[in-house]
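Numbered by this note's numbering, the letters in the sequence shown go through residues 67 to 634 in order.
First comes the structure, then the notes that go with it.
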Amino acid sequence: MLSTLLEFALVLGVMTGLAVLMGKWLTRVFTGTRHALPERFTYRLLGIDPQETMGWARFGSALLLSNAAMMLLGYLVLRLQAFMPINPLGLAAQTPDLAFNTAASFITNTNWQAYSGETSLSNFSQMAVITFLMCVGATSGVVAAAGFIRGLSRSSSGDIGNFWVDFTRTLYRVMLPLCVGMALVYVWQGMPQTFASQALVTTLEGAQQQLIVGAVASFESIKHIGTNGGGFFSMNAAHPFENPTPLTNILHILSMLLIPSALTYTFGSMLLQRRQGWVFFGTFLVMFIGFLALVYGAEQNGNPLLTQAGANQTLSMEHSGGNMEGKELRFGIADSSLFIATTTAATTGSVNTMHDSLTPMGGFVPLAQMMLNCVFGGDGVGFINLIQYALLTVFLVGMMIGRSPEFLGKKIEAREIKLVMLSVLAHPISILGFTALAALWPDTMASLNNLGPHGFSEVLYAYTSGTANNGSAFAGLNANTPFFNTTIGLAMLIGRFFTMLPMLAVAGSLALKKTVPAGAGTIPTATPLFMLLVVFVVLVVGGLTFLPALALGPLVEQLQLLSGHTYN
């Protein structure tokens, strides 16, 4: 137990140090005035004026239209895969509904996969579609955060930056250098990186075996740095080619948390209020540690039915104890729990253990983190989601004590709150609406491998994962059907753009306002008390919204498990 706690503390300590370093670099990227040679060449090639400024509407339109164009490009390549190069295995094209789902998944930074990567996609599709969309999707999220932070920092100005300049800089100065460096480390650790599609090997028994390989190291680097999560192989980070050593497992975890945590420091630096940035970092950390403790405790306690049957599930020097179903022996419960908490906190979706095999309360944690959608969150959007709750907290506290709501010297008025609520409500409406539709859909039962509350949890998890742009799954659900491909695809698009664009409008609205000095009636926001208030509002809003659905799934399943009730 002590070694586990020390490992958790060490990882979080390293993450904090990296957040400062990365936060400083992101600040330079977002505030610098000089343009490097590759950037100037790109501007000329694409006809971009780097001196042009954009309001929130034009900034958001550029983001939306560019993402739509790249999604369409990805869709076309997937539909024409059979005619594309670097396809020695002769893999067929994806169906229209699956290609739509896949393209929507990767442009929205979700990486939900209704297909098996090694048997469905050629190396060309893996590189030209999947890796490409993972890179530009993550970059778009970081750029949205840059524009959002500028909107909060500026006064009496509608300018929140230039989308094309931010995109080019973030791609060239952040994503590509990080990914190249990490890919080299991954190759050193044993990940394949080749244009070949297969390798013939001789097993220990002397038989010949075909192994699927490809550009795995480069895929894995952007997969985690970009909080993407889709797997080159269907087993994702449980596959030894995607996660060969304990070091790569820790690097995956740190990569997922790197940019989401760093943006809190960037926020404080750009607004010259670093204490405020640390308050938001602390907000992330408090929620993360709570969920990590819950999933580790649930999995380490194991299955009560096995305990009743006489199985010893106690942690000891001889065995790991707990619920080891669906977990890699080389990672055990501690590293699996840390990965579970991280991948759903950062809305990555990569898995090194099978989430469908978690105990009911263990499965409650990834569901709850995705429903809240602001426990670190994905690159860029996680920070934006946290600020929407900070604005809501300021408004609620101000209304309760009779003070005028202000945030960072800007008055929070009806327009901002309406936009915040639009962003807040889009998330649960998508999750609960599509889950209800699936529960009524006649063919849903044919896609379920489990009955009772766990079957409901599998459907709820699918739409929660899609809307939260996470991408992990309770794999007992066969989601590769026209109904699920279409509805989950729509959920991913709603979860991405119906929450991001209203918050850009909030940033644009606040940028137009004058900054007023703090007065006697101003609610201090750079304090531990405000941090706890934000955590409280996040949990209360999330609980009131999703508790009935959770009660029908993991909570009732846990109670039935304790009473000895099972479903065949």
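The C-beta atom is built at its ideal place from N, Cα and C for all residues, glycine as well.
Beta-bridge partners assigned by DSSP to residue 477: 472. Scanning its chain for C-beta atoms nearer than 7 Å, with the 5 sequence neighbours on each side dropped, one finds around residue 81 the residues 320, 323 and 327, in chain order. Burial check for residue 113: the Cβ neighbour count within 10 Å stays below 16, so the residue is exposed. Given a length threshold of 4 residues, each whole run of the alpha helix (DSSP H) inside the region 100 to 140 is given here in chain order: 103 to 112. Per DSSP, residue 277 lies in no alpha helix (DSSP H) segment; the continuous beta strand (DSSP E) that holds it begins and ends at 274 to 278. Contact annotation: residue 565 and residue 451 have beta-carbon atoms nearer than 8 Å. Taking each of 413, 425, 415 and 365 in turn and checking the Cα distance to residue 398, the smallest one comes out for 365. As computed with DSSP, residue 393 is found in a beta bridge with 419.
Rounded to the nearest whole angstrom, the CA to CA distance from residue 460 to residue 377 is 51 Å. Residue state for residue 624 is assigned as helix, using DSSP reduced to three classes.
Leaving aside the five residues that flank residue 224 on each side, the residues in its chain whose CB is nearer than 7 Å to its CB run, in chain order, 121, 574, 577 and 578.
Boundaries of the beta strand (DSSP E) harbouring residue 264: 264 to 268, taken from the DSSP string. If you compare the alpha carbons of 128, 546 and 612 with that of residue 182, the shortest gap goes to 546. Taken through DSSP and simplified to helix, strand or coil, residue 514 comes out as strand.
In this structure, residue 417 sits away from residue 361, with a CB-CB distance that is not shorter than 8 Å. If you ignore the 5 residues before and after residue 435, its C-beta comes within less than 7 Å of the C-beta of 357, 410, 411 and 441, all in its own chain and listed in chain order. Minimum Cα-Cα distance from residue 391 among the listed residues 373, 405, 414 and 424 corresponds to 424. Residue 232 and residue 209 have their alpha carbons spaced roughly 6 Å apart. Counting along the chain, the unbroken alpha helix (DSSP H) around residue 571 starts and ends at 548 to 577. DSSP places residue 543 in the strand class (E or B) of the three-state scheme.
For residue 630, the closest of 187, 371, 220 and 242 by C-alpha to C-alpha distance is 371. At least 8 Å separates the beta-carbon of residue 266 from that of residue 259. Judged by DSSP in its simplified three-state form, residue 259 adopts strand. The alpha carbon of residue 466 has as its nearest neighbour, out of 384, 500, 589 and 351, the alpha carbon of 589. In the three-state reduction of the DSSP assignment, residue 281 falls in the strand class, which pools E and B. Residue burial annotation: residue 170 is buried, with at least 16 other C-beta atoms found within 10 angstroms of its C-beta. Taking the C-beta atoms as reference points, residue 98 is found no nearer than 8 Å to residue 332. A distance below 7 Å between beta-carbons, with the five flanking residues on each side excluded, links residue 570 to the following residues of its chain, in chain order: 122, 125, 126, 210, 213 and 214.
The beta-carbon separation of residue 172 and residue 296, rounded to 7 Å, stays under the 8 Å limit for a contact. Proximity to residue 100 across 206, 117 and 448 peaks at 117, based on C-alpha coordinates. Residue 482 is positioned such that its CB atom lies closer than 8 Å to that of residue 457.
In the DSSP assignment, residue 181 falls outside any alpha helix (DSSP H), carrying neither H nor E. Separation of residue 454 and residue 540 (C-alpha to C-alpha, rounded to the nearest whole angstrom) is 29 Å. In the structure shown, the three-state DSSP call for residue 201 is helix. Residue 148 is positioned such that its CB atom lies no closer than 8 Å to that of residue 134.
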